[in-house]
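Trainee: Pasting in a structure now, in structure tokens, and then I'll have a few things to ask.
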Amino acid sequence: MLELVVLISGAGSNLRALLDAARDAEYPARVVAIGADRDAEGLDLGEEYGIPTFTVPFTAFATRQEWGAALAEQIRPWTPDLLVLSGFMRLLPHDVVAEFSPAIVNTHPAHLPEFPGAHAVRDALVAGVRQTGASVILVDDGVDSGPIIVQERIPVEPDDSESTLHDRIKHVERRLLIQTVLDIANGTVDLKELARA
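Under this note's numbering, residues 3 to 199 are what the sequence shown spells out, in order.
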């Protein structure tokens, strides 16, 4: 059984999908803790699903490194097999990546390497592309620059707003995340091998 710590910054819609998948006894993973960098709405899922939560507010620290050290301190006791960044809007400091790598994955609402960063959906619309996508990647020290585990194309409709496009992307993101965790648990995806590639 793969034990996950999931980090969020928002409502946790991908997290909810993962929690629902884990309710199936056949699914080989479970979320042992939920963490956030702010008072995120998704932390309420901890109470709903009976999972411990923690918050390490980014704004409470003088530097990103200090924040990262405090975050790692909260993650460490859970000894997760996998750290999942799901709508987590902070770049992990090098020391945190080094400690938990290669067992860190991130979901991203674009077909990387297209549109990295925090405004991927908006950037796709501004660029006027006909399609964008969703990706699940291995986390490295860069901005959405790690090895791609899986990704899928999603069409951009002529009348799409940032909200409607993002909603459609999220549906695919959830499915890809659930499948990725399953593949890691089953050994179909080898994160160490991917990190070396």
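Glycine residues also receive a C-beta, built at the ideal position from the N, C-alpha and C atoms.
Residue range of the alpha helix (DSSP H) that H96 falls in?
Mentor: Your numbering for residue 96 matches position 94 in the sequence shown. Segment 96-102, the alpha helix (DSSP H) holding H96.
Trainee: Out of curiosity, what's the CA-to-CA distance linking P95 and H168?
Mentor: Numbered from 1 along the sequence shown, position 93 holds the residue referred to as residue 95. Numbered from 1 along the sequence shown, position 166 holds the residue referred to as residue 168. Roughly 27 Å separates the two Cα atoms.
Trainee: Assign P111 to one of two classes, buried (16 or more other C-beta atoms within 10 Å of its C-beta) or exposed (fewer than that).
Mentor: Here residue 111 refers to the residue found at position 109 when the sequence shown is read from its first residue. That one is buried.
Trainee: With distances taken from CA atoms, which of M3, I106, F56 is nearest A197?
Mentor: The residue labelled residue 197 in the question sits at position 195 within the sequence shown. The candidate whose alpha carbon is nearest that of A197 is I106.
Trainee: Give me whichever residues DSSP pairs with L6 in a beta bridge.
Mentor: Here the question's residue 6 lines up with position 4 in the sequence shown. Paired residue(s): V33, L84.
Trainee: Would you kindly work out how many angstroms separate the C-alpha atoms of A72 and P160, rounded to a whole number?
Mentor: Mapped onto the sequence shown, residue 72 falls at position 70. Mapped onto the sequence shown, residue 160 falls at position 158. Answer to the nearest angstrom: the Cα atoms are 44 Å apart.
Trainee: Which value, in whole angstroms, describes the spacing of the CA atoms of L87 and G12?
Mentor: By 1-based counting over the sequence shown, the position of residue 87 is 85. By 1-based counting over the sequence shown, the position of residue 12 is 10. If I take the Cα positions, the gap works out to 11 Å.
Trainee: Can you give me the start and stop residues for the beta strand (DSSP E) that T109 sits inside?
Mentor: Here residue 109 refers to the residue found at position 107 of the sequence shown. Per DSSP, T109 belongs to the beta strand (DSSP E) from 106-110.
Trainee: Classify N16: buried if its beta carbon has 16 or more other beta carbons within 10 angstroms, exposed otherwise.
Mentor: By one-based count along the sequence shown, residue 16 stands at place 14. Label assigned to N16: buried.
Trainee: Quick check on the DSSP output: what are the complete alpha helix (DSSP H) runs of length 4 or more inside the segment 132-199, in order along the chain?
Mentor: Counting whole runs of 4 or more residues, the segment 132-199 contains the alpha helix (DSSP H) stretches 164-188, 193-198.
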